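Read left to right, the sequence shown gives residues -18 to -1, 1 to 192 (mature numbering (1 follows the signal peptide of the UniProt record, and there is no 0)).
The block underneath contains the structure these notes are about, expressed in structure tokens.
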Amino acid sequence: MYTFRALIFVGIISLSTCRPEIQSQPQEQQQTKPNPLLNCPNIPAKQQFNATAYFHDVWHVVHSFNPDLPSNKSEDKTTCVKLTSQILENASVKLFYTQLIRQSELHTEWITNLDDLQNGVGKFVSERIDKEDDPPRPLSPLHTTVIDTDYSNYAVEHKCVAFRKGLFSGYLILNRKPNTLDPNVEPLLNKLELKLQDFILLSKPGCAEA
């Protein structure tokens, strides 16, 4: 049985401990098992993507939407999520996700190879970094598509990760400031045939200090 821990409603997730029998399958069987990430939606990405401009300062997740798990809740005043990043000397980026739910904080760290972005397309794969006190476990890579961004104010992302026998994916609206929606976002959602009212607003007070 998997223990699933979601850091936000969509996209940013970690897969926790797997049972030993899953890990001890014959290597041949593991290699022939289809890769579910091949079924991630092929969503157009930002062209001429500037990784240096994107991976700096703080991004706040202000809205989230999972098409497969629609919610009747339009606002969540108990949660805020932020992303910080650090460009390393080995041409990689370390991503830090922090989620504050009520009074509890959750953290995960991911690593992304900047070489994957040399073609100027805003798509990248992140691998989770295990902490020393974490139990060993198989981890699924997180696929991110940056659909659009102006780097200084807003971004819209799609994230996709394998979970159990399927996929977990969804959309995130990011802003450099918490509880702020850039006016360029809603027209972009309309082009994607998405509706802002289907997204959950993450509006916990005090997110700037989180």
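Cβ coordinates follow ideal geometry from the N, Cα and C atoms, glycine included.
Keep in mind that this is a model prediction, so the values were computed, not measured.
Given residue i as reference, the closest of the options once Cα atoms are compared
i: threonine 60; options: Leu51, Glu87 and Asp98; result: Glu87
i: residue 194; options: Gln29, Asp50 and Val44; result: With the chain covering only -18 through 192, there is no way to say anything about residue 194.
i: isoleucine 83; options: Trp92, Phe106, Ile93 and Asp58; result: Asp58
i: tryptophan 41; options: Leu156, Asn24 and Val103; result: Leu156
i: asparagine 48; options: Cys22, Ser151 and Leu171; result: Ser151
i: isoleucine 111; options: Val128, Ile93 and Asn101; result: Ile93
i: glycine 102; options: Lys28, Asp180 and Asn24; result: Lys28
i: asparagine 24; options: Leu170, Phe181, Asn166 and Gly104; result: Gly104
Endpoints, beta strand (DSSP E) assigned at residue i
i: tyrosine 136; result: 136 to 145
i: threonine 34; result: No beta strand (DSSP E) holds threonine 34; the alpha helix (DSSP H) holding it covers 33 to 36.
i: leucine 163; result: Per DSSP, leucine 163 belongs to no beta strand (DSSP E) and is neither H nor E.
i: lysine 105; result: 105 to 110
i: phenylalanine 78; result: 74 to 83
For residue i, the first and last residue of its enclosing alpha helix (DSSP H)
i: glutamate 87; result: Run containing glutamate 87: none in the alpha helix (DSSP H); it sits in the beta strand (DSSP E), 86 to 95.
8 Å contact criterion, which residue i and residue j should meet: CB distance rounded
i: lysine 64; j: threonine 90; result: No, lysine 64 and threonine 90 are not in contact; Cβ-Cβ is about 12 Å, not under 8 Å.
i: serine 46; j: tyrosine 153; result: 7 Å
i: glutamate 139; j: threonine 126; result: 6 Å
i: valine 107; j: aspartate 98; result: 6 Å
i: valine 167; j: phenylalanine 31; result: Incorrect: roughly 18 Å between the Cβ atoms, too far for contact.
Cβ-based neighbour list, residue i, same chain, cut-off 7 Å, excluding 5 preceding and 5 following
i: asparagine 135; result: Asn157, Arg158 and Asp164
**OP:** Would you be able to state if there are at least three C-beta pairs under 8 Å between the segment 183 to 190 and the segment 152 to 168?
**Re:** Touching, yes.
Subject >> Touch test, the segment 32 to 40 against the segment 69 to 76, Cβ-Cβ under 8 Å, three pairs minimum >> reply: Touching, yes.
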